[in-house]
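Numbering (this note's numbering), first residue to last: 23 to 292. All C-beta atoms, glycine included, are put in the ideal place defined by N, C-alpha and C. The model shown is predicted, which means the values in this text are computed figures rather than measured ones.
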């Protein structure tokens, strides 16, 4: 049970979590914009500070675990990070297969709308060291917070579908500082562009896939870390054109709708 104290109850924990996870990177980015006298940040040192501030989901998780979780709850949280027994072979197929198939199907479906040849190839920029970097600067620090803390608390208060909608919106907004940092993937999409909105909707839609995996694996944090890594890896490793990128968002939207209906019909909210 959650410790009684100044902020007892579920809603205050949710507010504290999102307060830390969002205020830290947004405040940091705004302050660095002022220092650089430009809304787009090119200073590499400033960029490192922003990346550090985007570890905020983990910071929020650690603070809440320390102040509001019992020893038993902390042990359970740790088990959900390291225990492989939560994940069956079917979930492993879903985790490692779905991101790849979304990517390649999007490339196939985009072919009739493209004037160029079929574009789907492994990026020469993807190396083992970069893949490791993708794991430790994204999936792990984010999922310790998003699905480790925020989703279960939101589920307790609102149910699985509404919790997923809230988390999806908050997670999409959380990415905004990256659009102001030159050299990032998000910066290249262009703030406010069509691809910007495709990315934001893609994050929102994909949140339903995370929730589905989380429920299917008995709330395994490890499972969503692995899916997050695989999704990021496929997004970086397999090159597709812009039309395929938009179609991949539409595919995620269809999957999200199917999951939304499935979770509603099967009463996962309980």
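- Residue 143 carries a strand assignment under DSSP once its states are collapsed to helix, strand and coil.
- According to DSSP, residue 203 shares a beta bridge with 63.
- Counting every other CB atom within 10 Å of its CB across the protein chains shown gives residue 244 a total of 16 or more, marking it as buried.
- Two segments are said to touch when three or more pairs of C-beta atoms, one from each, lie closer than 8 Å; by this definition the segment 143-160 does not touch the segment 218-233.
- By the Cβ test, the segment 189-203 is not in contact with the segment 247-255, since fewer than three Cβ pairs between them sit closer than 8 Å.
- With three or more CB-CB distances shorter than 8 Å, the segment 264-273 counts as touching the segment 123-135.
- Residue pairing by DSSP places residue 261 opposite 143 in a beta bridge.
- Per the Cβ contact rule, the segment 77-85 is in contact with the segment 37-48 (3 or more Cβ pairs under 8 Å).
- According to the DSSP assignment, residue 165 belongs to the alpha helix (DSSP H) that extends over 161-165.
- The beta carbon of residue 65 sits closer than 7 Å to the beta carbons of 58 from its chain, once the five residues preceding and following it are set aside; these are given in chain order.
- Contact annotation: residue 113 and residue 228 have beta-carbon atoms that are not nearer than 9 Å.
- Note on geometry: alpha-carbon atoms of residue 154 and residue 251 lie some 9 Å from one another.
- Around the beta carbon of residue 212, fewer than 16 other beta carbons lie within 10 angstroms, which makes this residue exposed.
- In the DSSP annotation of this structure, residue 148 is not part of any alpha helix (DSSP H), being labelled neither H nor E.
- Secondary structure note for residue 98: its alpha helix (DSSP H) is the uninterrupted segment 93-104.
- Straight across, the Cα-Cα distance linking residue 90 with residue 169 is about 17 Å.
- By the neighbour-count criterion, in which 16 or more other beta carbons inside 10 Å mark a residue as buried, residue 178 falls on the exposed side.
- The shortest CA-to-CA distance from residue 86 to any of 35, 207, 189 is the one to 35.
- Scanning its chain for C-beta atoms nearer than 6 Å, with the 5 sequence neighbours on each side dropped, one finds no residue around residue 110.
- For residue 193, the enclosing alpha helix (DSSP H) covers residues 182-196.
- Comparing alpha carbon positions, the residue from 210, 103, 260 closest to residue 143 is 260.
- Non-local C-beta neighbours of residue 266 in its own chain, meaning closer than 6 Å and more than five positions away in sequence, comprise 128, 129, 132, ordered along the chain.
- Residues 80, 83 of the same chain have their beta carbon placed closer than 6 Å to that of residue 166, with the five preceding and five following residues left out of the count.
- Distance check between residue 172 and each of 116, 215, 159, 190 places 190 closest, using alpha-carbon atoms only.
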